[in-house]
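J.: If you want the working numbering, it's the 1-based position in the sequence shown plus 105.
Note that CB positions come from ideal geometry on N, CA and C, so glycine has one too.
A single structure is presented below for examination.
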Amino acid sequence: MKYKLAIFDMDGTILSTLDDLASGVDFALNENGLPPRSKQETRAALGRGVRFLIEQSVPKGLSEAGISKVEEDFLKYYKVHSMDNTRPYDGIVELIKELRASGIKTAVVSNKIDSAVKELCDNFFEGAFDIARGERPGIPRKPNPKPINAIIDKFGFSKDEVVYIGDSEVDLLTANNAEIDHIIVTWGFRDREFLEQNGAKTLVENMEELKSNICK
């Protein structure tokens, strides 16, 4: 097999998290007397971390202090409710276990808060990933390649032995910036046409296609 390390995004790639994220945004906006956003608006703002999500969700012109308060309320809500409706996509748990059994190392790199990444991995993918990392102080968010490169360096693989799997233009940029191959899934937070327009070359529609592209 070509790939020895498969690194996955989380939201929209291995976990269906939109309902809980949208509920968190609605709660935080309501707590601050701000108008709600539609689920589709929240979906379009996902992928670049919590701060970006909140900045895109609040009315233009809100002060930095106001944005920070909404972000704080979102994080407090999401810490308690991150697994209310979140579920793994059908077949992904089994696929990751198959990859591990075949000798492929697996990891998660997400722009989600690090504590949430680890909690969700422990709950839904116990023992399935060698490493799971989210947003942490001092570590740049995707599409900066530093989090990806740190994992590659830890395992000692060459760039052509690594693939990054995601669902958005942010993930595509991340793979390109890290100079590794990408696989972009179409069941996440971006439509296929949008992904193609942003340069995605390897797109998969289902778990069988994902498996065949990782294990080629």
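So, at 6 Å on beta carbons, what are the nonlocal neighbours of G117 in its own chain, with the 5 sequence-adjacent residues on each side left out?
T.: Locating residue 117 in the sequence shown gives position 12, counting from the first residue. Around G117: D272, G293 and F294.
J.: Closest to R153 by CA distance: which of E240, A283 and N254 is it?
T.: As a working note, residue 153 is residue 48 in the sequence shown. Checked all of E240, A283 and N254; the closest Cα to R153 is E240.
J.: Mind pulling the beta strand (DSSP E) runs of 3 or more residues that sit fully within the region 240–313?
T.: Within the region 240–313, the complete beta strand (DSSP E) runs of at least 3 residues are 267–271 and 286–290.
J.: Using the rule of at least 16 other Cβ atoms within 10 Å of the residue's Cβ for burial, across every protein chain shown, is G138 buried or exposed?
T.: The sequence position of residue 138 within the sequence shown is 33, counting from 1. G138 is exposed by the Cβ-count criterion.
J.: Compare the beta carbon distance of A111 and I209 with 7 Å and say whether it is the shorter of the two.
T.: The residue given as residue 111 occupies position 6 in the sequence shown. The residue given as residue 209 occupies position 104 in the sequence shown. Yes, the pair counts as a contact, with Cβ atoms nearer than the cut-off.
J.: Can you say whether V185 is buried or exposed, counting buried as having 16 or more other CB atoms within 10 angstroms of its CB?
T.: One-based indexing of the sequence shown puts residue 185 at position 80. That one is exposed.
J.: Check whether the region 221–237 and the region 197–211 are in contact - that is, three or more C-beta pairs closer than 8 Å.
T.: A contact exists between the region 221–237 and the region 197–211.
J.: When you compare each of M115, C320, K107 and R148 to L126 by their alpha carbons, which one comes out closest?
T.: Here residue 126 refers to the residue found at position 21 when the sequence shown is read from its first residue. Ranking the options by Cα distance to L126, first place goes to R148.
J.: Give me whichever residues DSSP pairs with T118 in a beta bridge.
T.: If you number the sequence shown from 1, residue 118 lands on position 13. T118 is not bridged to any residue.
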